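Numbering (my numbering), first residue to last: 59 to 128.
Idealized CB from N, CA, C, for every residue including glycine.
None of these values were measured; they are calculated from a predicted model.
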């Protein structure tokens with residue numbers, strides 16, 4: 059199986075998102091690879107970041123959101 063490529067939603071700037079092909083981190087014998095079929099965007103923090111309603115040192119663009127996976 060090939061683990062070098064994937065797709066990610068990227069918040070380019072407030073209210074602009076794109077799905078892009080990405081290159082994944084290198085896999086070694088101590089790596090666990092989990093294939094994600096679906097990923098959610100939380101209606102709280104991640105939606106606020108998408109809408110440009112969050113600010114501070116922890117918010118930057120472009121960013122790859124997502125922690126809810128199936």
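{"query": "Given this structure, state the Cα-to-Cα distance separating residue 85 from residue 91, to the nearest angstrom.", "result": "8 Å"}
{"query": "Tell whether a beta-carbon distance below 8 Å holds between residue 95 and residue 122.", "result": "no"}
{"query": "Nearest CA to the CA of residue 108: which residue from 76, 62 and 69?", "result": "69"}
{"query": "The beta strand (DSSP E) that contains residue 74, what's its start and end?", "result": "74 to 81"}
{"query": "Name the DSSP bridge partner or partners of residue 64?", "result": "80"}
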